[in-house]
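Q: The numbers in our numbering rise by one with no breaks, and the one at position 45 of the sequence shown is 64.
Positions of the beta carbon are idealized from the N, C-alpha and C atoms, including for glycine.
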Amino acid sequence: MTVCICQNVTLDDVVDLVEKYGNDPEIIKAKADIGKGCGECLETSCDSINLPFPYAIMNAEAILKQQ
Ligand code: FES
């Protein structure tokens with residue numbers, strides 16, 4: 020599931036980053052350069068991304084809690 024097209028970041032990548040660095044969105048964005056292209060992935064209303072970044076963080080936390 021794509022989170023950021025410009026930086027080719029998937030939900031699996033976000034899960035790995037949250038597991039490694041915690042759930043601070045600013046840290047996760049910086050580690051993967053999320054939002055450093057068009058910036059659309061940072062908007063919850065974006066239609067061109069499978070899972071905009073704000074929701075990806077929440078999903079990653081839920082996935083990690085289930086493990
Ligand atoms: S989709 Fe993330 S910066 Fe363009």
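(1) Please state the DSSP three-state secondary structure of C60.
(2) Hey, quick one: how far does the beta strand (DSSP E) through C23 stretch, first residue to last?
(3) So is the beta-carbon of E80 under 6 Å away from any non-hydrogen atom of the ligand FES?
(4) Determine whether the beta carbon atoms of A51 and V28 lie at a separation below 7 Å.
(5) Using a Cβ-Cβ cutoff of less than 7 Å, which residues in the same chain neighbour E59 once the five nearest sequence positions on both sides are dropped?
A: Looking at the coordinates:
(1) Counting from one through the sequence shown, the residue named residue 60 turns up at place 41. Correct three-state label for C60: helix.
(2) By 1-based counting over the sequence shown, the position of residue 23 is 4. Counting along the chain, the beta strand (DSSP E) containing C23 begins and ends at 21-23.
(3) As a first step, residue 80 is located in the sequence shown; it is residue number 61 there, counting from the start. The answer is no for E80.
(4) Taking the sequence shown and counting its residues from 1, one reaches residue 51 at position 32. Taking the sequence shown and counting its residues from 1, one reaches residue 28 at position 9. It is a contact, given that the beta carbons lie within the stated cut-off.
(5) Locating residue 59 in the sequence shown gives position 40, where the first residue counts as 1. Around E59: C65, S67, I68.
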